[in-house]
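Letter 93 of the sequence shown, counting from 1, is numbered 92 in numbering that gives the first Met the number 0, and no numbers are missing. Just below is one structure, and these are the notes that go with it.
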Amino acid sequence: MTQDGRGERVAPAAVFASWLVVFLLVTLAFWFFFSQVKFAWGWDAVYAYRAKFVNGWLMTVAVSAAAMFLSLLIGLSTAVAQRSHFLPLRYLSRVYMEIIRGTPLLVQILIFFYVVADAVHINNRYFVGIVILAMFAGAYISEIIRAGIESIGESQLESARAIGFTRVQAYRHVIFPQVVRQVLPPLAGQFASLIKDSSLLSIISVNEFTLNAQEVNSFTFSTLESYLPLAVGYLLLTLPISLWTKQLEKKYRYAT
């Protein structure tokens with residue numbers, strides 16, 4: 000017996016049969032929709048550029064992974080700064096969050112790359128792109144972590160301080176282990192969004208997946224054939240994050 004998302008026990012055969020039915024229904028739906036498209040598919044021309052798709056996909060993986068790690072550090076630091084007793088630090092973190100969350104990522108990329116990065120003489124568009132993505136996602140992650148921290152009763156922090164824990168030790172050993180379980184689902188969604196947002200880096204000529212697909216389309220004039228692999232490629236990146244997060248949720252549910 001296995002457990003479903005609500006913790007109910009379900010026979011493995013029933014789980015397999017249910018997923019099989021869903022897979023067949025989705026497959027039939029897509030087959031029907033695409034079978035109604037009335038034009039000749041030109042996969043041969045696109046297949047000639049398969050290496051370009053692979054290289055773009057790998058670049059997206061590298062940029063997204065680096066941005067995820069950095070955004071998590073930024074988000075955690077900002078969440079802690081918002082609870083700081085040092086008012087300038089608290090207000091600075093709040094201003095950062097409001098600016099980032101209140102403006103479009105497209106505009107941020109243009110300003111940070113062509114204005115800020117140029118002013119400090121940083122010309123590496125890949126490095127700048129990673130930092131921009133991390134700062135954008137970090138603002139949302141900080142709110143996710145802050146909400147998770149505030150969902151833990153203040154009495155637990157006071158109890159930890161009462162038995163001799165410092166504030167850092169209380170957060171590390173008492174608060175954050177409980178926060179992790181609370182923030183995993185929204186974090187997974189934010190990381191998936193970050194991967195898809197990396198496509199906007201094409202406007203500063205970062206050779207990631209979307210830019211390479213656009214170039215293949217301009218070479219072959221095969222629009223659907225160029226962008227369908229793009230959709231599949233992003234799904235291959237975001238789906239494992241969702242599945243991995245589900246496993247972590249089960250692990251921390253057991254631990255707590």
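All C-beta atoms in this analysis are idealised placements derived from N, C-alpha and C, irrespective of residue type, glycine included. Values in this document were obtained by computation on a predicted structure and should not be read as measured data.
Can you look up residue 99 in the DSSP assignment and give me helix, strand or coil? Here the question's residue 99 lines up with position 100 in the sequence shown. Residue state, collapsed to three classes: helix.
For residue 55 and residue 130, what's the separation of their Cα atoms in angstroms? Locating residue 55 in the sequence shown gives position 56, where the first residue counts as 1. Locating residue 130 in the sequence shown gives position 131, where the first residue counts as 1. Near 19 Å, if we compare the C-alpha coordinates of residue 130 and residue 55.
Taking DSSP as the reference, what is the three-state secondary structure of residue 39? By 1-based counting over the sequence shown, the position of residue 39 is 40. It is coil, neither helix nor strand.
By how many angstroms is the C-alpha of residue 224 removed from the C-alpha of residue 32? For the purposes of this step, residue 32 is taken as residue 33 along the sequence shown, with counting starting at 1. For the purposes of this step, residue 224 is taken as residue 225 along the sequence shown, with counting starting at 1. Going from the Cα of residue 32 to the Cα of residue 224 covers about 15 Å.
For residue 159, which residues in the same chain have their Cβ closer than 6 Å to its Cβ, ignoring the five residues on either side in sequence? For the purposes of this step, residue 159 is taken as the residue at position 160 of the sequence shown. For residue 159, where only same-chain residues beyond five positions count, the Cβ hits under 6 Å are 169 and 173.
Who are the near neighbours of residue 236 in its chain, counting only those whose CB is closer than 6 Å to its CB and skipping five residues on each side? Here the question's residue 236 lines up with position 237 in the sequence shown. Excluding residues within five positions, the ones whose Cβ falls inside 6 Å are 194.
When you compare the region 58 to 72 with the region 215 to 224, are there three or more beta-carbon pairs, one atom per stretch, that lie closer than 8 Å? no
Could you round the C-beta distance between residue 110 and residue 138 to whole angstroms and report it? I think they count as a contact, below 8 Å. In the sequence shown, the residue the question calls residue 110 occupies position 111. In the sequence shown, the residue the question calls residue 138 occupies position 139. No, residue 110 and residue 138 are not in contact; Cβ-Cβ is about 15 Å, not under 8 Å.
Residue 293 in three-state terms, based on DSSP: In the structure displayed, the chain extends from 0 to 255; residue 293 sits before or after that span and is not available.
Are the region 174 to 186 and the region 139 to 148 touching by the rule of at least three beta carbon pairs closer than 8 Å? yes
Applying the criterion that 16 or more other CB atoms from any shown protein chain within 10 Å of the CB defines a buried residue, is residue 123 buried or exposed? Residue 123 sits at position 124 when you count from the first residue of the sequence shown. Exposed.
Is the CB-CB distance between residue 135 and residue 70 below 9 Å? For the purposes of this step, residue 135 is taken as the residue at position 136 of the sequence shown. For the purposes of this step, residue 70 is taken as the residue at position 71 of the sequence shown. Yes; because the gap between Cβ atoms is below 9 Å, this pair is in contact.
Which whole-angstrom value describes the C-beta separation of residue 190 and residue 108, a residue pair presumed to lie in contact below a C-beta threshold of 8 Å? If you number the sequence shown from 1, residue 190 lands on position 191. If you number the sequence shown from 1, residue 108 lands on position 109. 19 Å between Cβ atoms; not a contact.
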